[in-house]
Amino acid sequence: METFFGSALDYDYVGAWAYITNGKHLGWYASVRWTLGAAILGAGFALFFGLAGAMMKRSRNMLIEAIGSGYVVMVRGVPDVLFLISFPLAFEVGIETLLAYTQCTLEERAGVLWPPCVGAQWALSDIEYFLMASVSLGLVYGAFCANVIYGALCAVPHGQIESAIAYGMTPRQILYRVHLPQMWVYALPGLSNVWLLLLKATSLLSLLQIADIVQWAERLGAPNYFSFAGLVHGDWRWRYYLVLFVFYILMTMVSEWGFSKLTRRVSRGMATQGGGDAG
Amino acid sequence: MGELCRLQQEHMTEQPTILLLEGICKRFGALEVLRGIDFTAKKGEVVAMIGSSGSGKSTLLRCVNLLETPTEGRLVFKGEEIAFHQTAQGQQPSNPEQLRRLRSNLSMVFQQFNLWQHMTIIENVMEVPIIVQGRGRDEVRAEALELLDKVGISDKAKNFPAQLSGGQQQRAAIARALAVCPEAMLFDEPTSALDPELEQEVMKVIRDLAEEGRTMLLVTHDMGLARDVANKVVFLNQGLIEEQGTPAEVFDNPRSTRLQQFLRASAA
Ligand SMILES: Nc1ncnc2c1ncn2[C@@H]1O[C@H](COP(=O)(O)OP(=O)(O)O)[C@@H](O)[C@H]1O
Ligand SMILES: [Mg+2]
Chain A
1 METFFGSALD
11 YDYVGAWAYI
21 TNGKHLGWYA
31 SVRWTLGAAI
41 LGAGFALFFG
51 LAGAMMKRSR
61 NMLIEAIGSG
71 YVVMVRGVPD
81 VLFLISFPLA
91 FEVGIETLLA
101 YTQCTLEERA
111 GVLWPPCVGA
121 QWALSDIEYF
131 LMASVSLGLV
141 YGAFCANVIY
151 GALCAVPHGQ
161 IESAIAYGMT
171 PRQILYRVHL
181 PQMWVYALPG
191 LSNVWLLLLK
201 ATSLLSLLQI
211 ADIVQWAERL
221 GAPNYFSFAG
231 LVHGDWRWRY
241 YLVLFVFYIL
251 MTMVSEWGFS
261 KLTRRVSRGM
271 ATQGGGDAG
Chain B
1001 MGELCRLQQE
1011 HMTEQPTILL
1021 LEGICKRFGA
1031 LEVLRGIDFT
1041 AKKGEVVAMI
1051 GSSGSGKSTL
1061 LRCVNLLETP
1071 TEGRLVFKGE
1081 EIAFHQTAQG
1091 QQPSNPEQLR
1101 RLRSNLSMVF
1111 QQFNLWQHMT
1121 IIENVMEVPI
1131 IVQGRGRDEV
1141 RAEALELLDK
1151 VGISDKAKNF
1161 PAQLSGGQQQ
1171 RAAIARALAV
1181 CPEAMLFDEP
1191 TSALDPELEQ
1201 EVMKVIRDLA
1211 EEGRTMLLVT
1221 HDMGLARDVA
1231 NKVVFLNQGL
1241 IEEQGTPAEV
1251 FDNPRSTRLQ
1261 QFLRASAA
């Protein structure tokens, strides 16, 4: 195995292929589903929270406006790592506290507040941690999206809205027929930044005990010693991390390509640089 | 519909009043832009509004479809009084349903066209009949094509506004305005953003509409157009109607010195 830098002819290709396709490695490759899943689901949530936050920020109702602005200001200020590890915990504790009221007897509840009785304990499964991670990512990056979308809504020329008002559209019709469709062209550059930040933040999933690509890489790369086989390899983590670098760069390139397609799509007809030559 | 909501060319002496404005005032903060406007437009009438820049012409037009809410005054549309109520921010329209009815019956043509950029020309024309008036798509499409043909841009139906010249965009905007079968059309300097050659093609469309007997309020800086198409010319000065009458009265026999000055300046 230590022939990594040996001459190409001497190199044990068959052994190397067997090594990188063994069960553990296949598990590693499969763990990409957590990373990509969290990215896509998290982006969905982020877009949802972003749209909701932006609408709230624009509300005439001062309370709603304050909630929207508060969300954007506060959540943008919290480090994503902190949010990612604290939100699922807080959620878990909150649910357990609620469960305790229905599941535990009065005596059980009387003395100790924590831990709750067995009936109210909630051990999160992988999939539940994964969902919470996605929601956390959505909440954090939703605040950035809200700001981007808010700016984009403001950037739509007033004449576009005004002619919709002048022709008797309802506020809801104006929003869905004119304001939101025209907003995307201004929002996409900002949203693509947020998406890349979110994509990179998926490397933090292992903090939530999710066996994602980072955790697998760490395990596989660690010095590997078997009593029957001796040392299989030394500290190879850097090689595995290199693969992760390449993975994230590839993902970035795919994203750039996707966003340029999207930009072309939403800027059809729009008198911007992107849409000037739209056909 | 098919009939293109064509207007019957009645030759009755007395046409019903479409719009009645009484004592309309509009303030922006301390700035008094309109200071008591009384004014009527009858069915089939073409009213041209002239006046120097800043005299309040646009504001008056925008008060008619309530893009601006008048600070004071009455607005009656086809015998129906528009309801207002007082709020902390001043007078506000109190009946959204009535407001939408008023607006979808008064179609506006803007100086900057304001076609919806993300829709093709035909989509722009079909939008309001389908979305606001709830009419059937096929019927509306057929009519929209007819209207685009009428304003001479049927070959641009599938293009986006940004791909058209200013004159073509404004003609598309006029087709959009016609598609709602409006009781009256409001034009706010429809040719001011256009080059002189492009101005002509839009003016021709407006002349045709006037000949058809459309009810129109037309704010314009083009005295030739006003003289040609208008039944009535209104001269606005500092938020008041200084003089009004037939084109002959206003252009050939201006009484006030203000109007005389204004006409001299416009001719120059
Ligand atoms: N939304 C607004 N806020 C404040 N002032 C305005 C607003 N709209 C118009 N005005 C002012 O009202 C006056 C009349 O404007 P306008 O009706 O556009 O004049 P015109 O169309 O005759 O040139 C101008 O002095 C203008 O600055
Ligand atoms: Mg004006």
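Chain order of the listed sequences is A and B. Residue numbers for the first sequence follow the working numbering, beginning at 1 and rising by one. Residue numbers for the second sequence follow the working numbering, beginning at 1001 and rising by one. Beta carbons are placed, not taken as given, at the ideal position from N, Cα and C, and that holds for glycine.
What is the rounded straight-line gap between the Cα of Gln-1200 (chain B) and the Cα of Pro-1190 (chain B)?
11 Å
Limits of the beta strand (DSSP E) - the one that Met-1216 (chain B) falls within
1216–1219
Using a Cβ-Cβ cut-off of less than 9 Å, list which residues of the segment 1072–1103 of chain B approach chain A; keep chain order.
Pro-1096, Leu-1099, Arg-1100, Arg-1101, Leu-1102 and Arg-1103
Can you find the residues in the same chain that come closer than 6 Å, C-beta to C-beta, to Glu-1227 (chain B), ignoring five residues on each side of it along the sequence?
Here residue 1227 (chain B) is Arg; the residue named in the question, Glu, does not match the sequence. Cβ within range, chain order: Pro-1247 and Phe-1251.
Is Gln-1117 (chain B) close to chain A, meaning its C-beta is less than 9 Å from at least one C-beta of that chain?
yes
For Asp-1195 (chain B) and Ser-1052 (chain B), the rounded distance between their alpha carbons
20 Å
Could you run through the segment 141–163 of chain A and flag, in chain order, every residue whose CB is less than 7 Å away from some CB of chain B?
Gly-159, Gln-160, Glu-162 and Ser-163
Our contact map puts Leu-139 (chain A) next to Phe-49 (chain A) with C-beta atoms below 8 Å; I'd like the distance itself, whole angstroms only.
6 Å
Please state whether DSSP places Asp-1188 (chain B) in a helix, a strand or coil.
strand
Within 10 angstroms of the Cβ of Thr-1215 (chain B), are there 16 or more other Cβ atoms? Answer buried if so, exposed if not.
buried
Would you check if the segment 1135–1145 of chain B and the segment 1158–1169 of chain B touch, i.e. whether three or more CB-CB distances between them fall below 8 Å?
no
Let me know if Thr-105 (chain A) comes out buried or exposed under the rule of 16 or more other beta-carbons within 10 Å of its beta-carbon.
exposed
What does the alpha-carbon distance come out to for the pair Gln-1111 (chain B) and Trp-195 (chain A)?
40 Å
Environment of ligand 1 in chain order, Cβ to heavy atom below 5 Å
B:Phe-1028, B:Val-1033, B:Ser-1053, B:Gly-1054, B:Ser-1055, B:Gly-1056, B:Lys-1057, B:Ser-1058 and B:Thr-1059
When you compare the CB of Thr-170 (chain A) with every CB in chain B, is at least one pair closer than 9 Å?
yes
Cα separation between Arg-268 (chain A) and Tyr-248 (chain A)?
30 Å
Within the 9 Å Cβ cut-off, does Ser-1107 (chain B) reach chain A?
Chain A contact via Cβ: present.
Under the assumption that Ala-1172 (chain B) contacts Ile-1153 (chain B) (Cβ atoms under 8 Å), give the Cβ distance between them as a whole number of angstroms.
6 Å
Cβ-heavy atom distance, Glu-1189 (chain B) to ligand 2, below 8 Å
yes
Count the other C-beta atoms from every protein chain shown that fall within 10 angstroms of the C-beta of Glu-1123 (chain B), then say buried if there are 16 or more, exposed otherwise.
buried
Which of helix, strand or coil DSSP assigns to Leu-1194 (chain B)
coil
What residue from A:Ala-16, A:Asp-10, A:Trp-34 and A:Trp-257 has the CA that sits closest to Leu-131 (chain A)'s CA?
A:Trp-34
In angstroms with no decimal places, state the Cα-to-Cα distance between Glu-1197 (chain B) and Ala-1048 (chain B).
Per the coordinates, the alpha-carbon of Glu-1197 (chain B) lies some 22 Å from the alpha-carbon of Ala-1048 (chain B).
At a cut-off of 8 Å, is Gln-964 (chain B) close to ligand 2 when judged by its beta-carbon and the heavy atoms of the ligand?
Residue 964 (chain B) lies beyond the residue range present for chain B, which begins at 1001 and ends at 1268; the question has no answer from this structure.
Could you name the residues of the same chain whose beta carbon sits closer than 7 Å to that of Leu-1019 (chain B), not counting the 5 residues immediately before and after it, in chain order?
Once the five neighbours on either side are set aside, the close Cβ partners of Leu-1019 (chain B) are Thr-1040, Ala-1041, Val-1064, Phe-1077 and Ala-1184.
Give a yes or no on whether the C-beta atoms belonging to Leu-1236 (chain B) and Ile-1082 (chain B) are separated by under 9 Å.
no
Beta-carbon proximity check, Gln-1117 (chain B) vs Gln-173 (chain A), cutoff 9 Å:
Their beta carbons are not under 9 Å apart, which means Gln-1117 (chain B) does not touch Gln-173 (chain A) by this criterion.
Let me know if Asn-1114 (chain B) comes out buried or exposed under the rule of 16 or more other beta-carbons within 10 Å of its beta-carbon.
By the neighbour-count rule (16 or more Cβ atoms within 10 Å), Asn-1114 (chain B) is buried.
Could you tell me which chain A residues have their CB closer than 7 Å to the CB of Gln-1244 (chain B), listed as they occur along the chain?
None at all; the shortest Cβ gap to chain A is about 25 Å.
Suppose you measure from the CA of Gly-250 (chain A) to the CA of Ile-20 (chain A); what does that come to, to the nearest Å?
According to the sequence shown, residue 250 (chain A) is Leu rather than Gly. Their backbone Cα atoms lie some 20 Å apart in a straight line.
For Thr-1120 (chain B), decide whether its Cβ has a neighbour in chain A, counting only Cβ atoms nearer than 9 Å.
yes
Using only the heavy atoms of ligand 2, determine whether one of them is closer than 8 Å to the beta carbon of Val-81 (chain A).
no
Is there a Cβ of chain B sitting closer than 9 Å to that of Tyr-186 (chain A), yes or no?
no
Buried versus exposed, by CB contacts within 10 Å (16 or more), Ala-1265 (chain B):
With fewer than 16 other Cβ atoms inside 10 Å of its own Cβ, Ala-1265 (chain B) counts as exposed.
Please find out if some non-hydrogen atom of ligand 2 comes closer than 8 Å to the beta-carbon of Val-1219 (chain B).
yes
Which chain A residues sit within Cβ distance under 7 Å of Leu-1067 (chain B)?
Residues of chain A with a Cβ closer than 7 Å to the Cβ of Leu-1067 (chain B) are, in chain order, Glu-162, Ile-165 and Ala-166.
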